[in-house]
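Student:
2 protein chains.
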Amino acid sequence: MTTKETILESALKLFSSKGFEGTSVREIAADAGVNVAMINYYFGSKEKLFESVVEYRALVLKGLFSDLVNNPSLSYIEKIDIIIDKTIERKLSNSKFHHIMHRELSLEHRPQLRDAISDILLKNMDPVKQIIKNGIKDGEFREVDIELTISTILGTIHYLLTSDIMCRKILGKKEGFNPFNNKPFIKRLSEHTKQLMRSHLLKNKK
Amino acid sequence: MTTKETILESALKLFSSKGFEGTSVREIAADAGVNVAMINYYFGSKEKLFESVVEYRALVLKGLFSDLVNNPSLSYIEKIDIIIDKTIERKLSNSKFHHIMHRELSLEHRPQLRDAISDILLKNMDPVKQIIKNGIKDGEFREVDIELTISTILGTIHYLLTSDIMCRKILGKKEGFNPFNNKPFIKRLSEHTKQLMRSHLLKNKK
DNA sequence: AGTTTAATTAAACATTTGTTTAGTTTTAAA
DNA sequence: TTTAAAACTAAACAAATGTTTAATTAAACT
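Residue numbers (the numbering used here), protein chains in the order written: chain A, 17 to 222; chain B, 17 to 222.
(1) List, in order along the chain, the chain A residues whose C-beta lies closer than 9 Å to that of residue 34 (chain B)?
(2) Going residue by residue through the region 115–199 of chain B, where are the continuous alpha helix (DSSP H) segments of at least 4 residues, counting only ones entirely within it?
(3) Can the beta-carbon of residue 126 (chain A) be found closer than 8 Å to that of residue 217 (chain A)?
(4) Quick check: the region 29–39 of chain B against the region 138–156 of chain A, are at least 3 beta-carbon pairs closer than 8 Å?
(5) Which residue wins for smallest C-alpha separation from residue 74 (chain A), given the options A:206, A:133, A:108, A:105?
(6) Go ahead and pull the three-state DSSP assignment for residue 28 (chain B).
(7) I'd like to check one pair, residue 59 (chain A) with residue 116 (chain A): are the Cβ atoms closer than 8 Å?
(8) In whole angstroms, what is the alpha-carbon distance linking residue 21 (chain B) and residue 82 (chain B)?
(9) So what does residue 218 (chain B) bridge to, in DSSP terms?
(10) For residue 178 (chain B), tell me which candidate among B:88, B:53, B:113 has the shortest Cα-Cα distance.
(11) Near residue 57 (chain A), what residues of its chain come up, given a Cβ to Cβ distance below 8 Å and the 5 sequence neighbours on each side ignored?
(12) Need the endpoints of the alpha helix (DSSP H) that residue 68 (chain A) sits in, please.
(13) Work out the CA separation of residue 212 (chain A) and residue 148 (chain A) for me, nearest whole Å.
(14) Going along the chain, which residues of the region 163–183 of chain B sit with their C-beta nearer than 8 Å to a C-beta in chain A?
(15) I want to see whether chain B comes within less than 8 Å of residue 141 (chain A), judged by CB atoms only; does it?
(16) Would residue 118 (chain B) and residue 122 (chain A) be called neighbours here (beta carbons separated by less than 8 Å)?
(17) Going straight from the alpha carbon of residue 101 (chain A) to that of residue 206 (chain A), what length do you get?
(18) On the three-state DSSP scale, how would you describe residue 82 (chain A)?
(19) Would DSSP call residue 212 (chain A) helix, strand or coil?
(20) Determine, for residue 119 (chain B), whether the minimum Cβ-Cβ distance to residues of chain A falls below 8 Å.
(21) How is residue 41 (chain B) classed by DSSP in three states: helix, strand or coil?
(22) Look at the alpha carbon of residue 189 (chain B) and the alpha carbon of residue 47 (chain A), and state the distance between them as a whole number of angstroms.
(23) So with CB distances below 8 Å, who are the chain A contacts of residue 93 (chain B)?
(24) Look up residue 205 (chain A) in the DSSP assignment and say whether it is helix, strand or coil.
(25) Closest by CA to residue 210 (chain A), which one among A:44, A:90, A:97, A:67?
(26) Whose C-alpha, out of B:124, B:185, B:151, B:99, is nearest the C-alpha of residue 139 (chain A)?
Shown next as structure tokens:
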């Protein structure tokens, strides 16, 4: 790993757990095992380092669902199932990055960064919207509020996978329980969300 | 308003918009129009000021739903409707405080504060749980995943009411749109969530 | 080889940080 | 009115902050 990448990884970790202002460049340098000056040498400033972390990680959140829209071999509800699983999966494997982005969203300084971040987070919005819209048009889905239905999917997953301590308390679990690598819980979350969407979306339910 | 309260109000405002580390005591003092030393005089330290803000505002988030559990004149789904509306209402009238609490939850330092905050946020968890449980027992509700159903309600509302910019983009609204004081949108959110819960919870739907 | 460019270092820089001090004004009680 | 406590102020404090400098080492090129 190059020096630049080492710094990016340490910055990702520390920004995620302590926030931007809560993390000093010296901490990042120490964690990465490099000289403090290297941060400004490679990135120019702490703020630009932060933006680089966002860019660096935004790449892995590329559009996932665009090819799903025109896939004729799946029913609409099956597409929703896939969207749910992929969303959970993606959030789990990028939990630190999601932490950073959602925290930044709730802060009011650095408005241009907020804008960039919301774009990244909603990169998959349009294909999902299209799938639900088509599902309604073809009579498989009820005439639901499309945007808010997507918010429910994202909100349910986000709410539980953002704060381990919150998740633990909601579920009534003990200290040792870690939602992020607990397979039964992930399965449970997936099943609940899918079932929820079946009841909500499908017209002819039995 | 006393000096102490003025400081608390300014701290609430600034912590909410810029975060704990992102806000300096001098900014707070300036905003409150008092001398910097007053903060340490009244609160001891910046950290204790933060805890005081949490205490100060936690009072207004008292248990809302405990009397709802044993109310016999309402059906279970009507109780859920009330819970949804009260949750939205409470979040709107304390949006700054919710900002602070959810941000703090996602940070990993100050663990004892995280614990206190999650307790505050979940103060109403038990009565809601009880209502759904009774609804299932009495045959009005299906056998849903109770904890995750609550997470869906909270998650949907939280996801949309946390970041104005995100909300705007999800809904495809212009710059000027502010979800926090847009009545039609609040109504829309309320209706969606209620409808969602009807489909999800009710056994004999038509 | 020598030379230029890049990478890295330790130290210093100027600000800003939270906090404290010592003194002053205001308030309230005796 | 005198006295004591509370409220408030301006200044100073030490520590930490992001950033830059100047010097040194390593790499790459001619």
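Beta carbons: idealized from backbone N, C-alpha and C, even for Gly.
Tutor: So, from the data block:
(1) 37, 123, 124, 125
(2) 127–137, 141–153, 162–178, 180–187
(3) no
(4) no
(5) A:133
(6) helix
(7) no
(8) 30 Å
(9) B:157
(10) B:113
(11) none
(12) 62–74
(13) 15 Å
(14) 163, 164, 165, 166, 167, 168, 170, 171, 172, 173, 174, 175, 176, 178, 179, 181, 182
(15) yes
(16) yes
(17) 6 Å
(18) helix
(19) helix
(20) yes
(21) helix
(22) 42 Å
(23) By Cβ distance, chain A contributes nothing, its closest Cβ being about 14 Å from residue 93 (chain B), past 8 Å.
(24) helix
(25) A:97
(26) B:185
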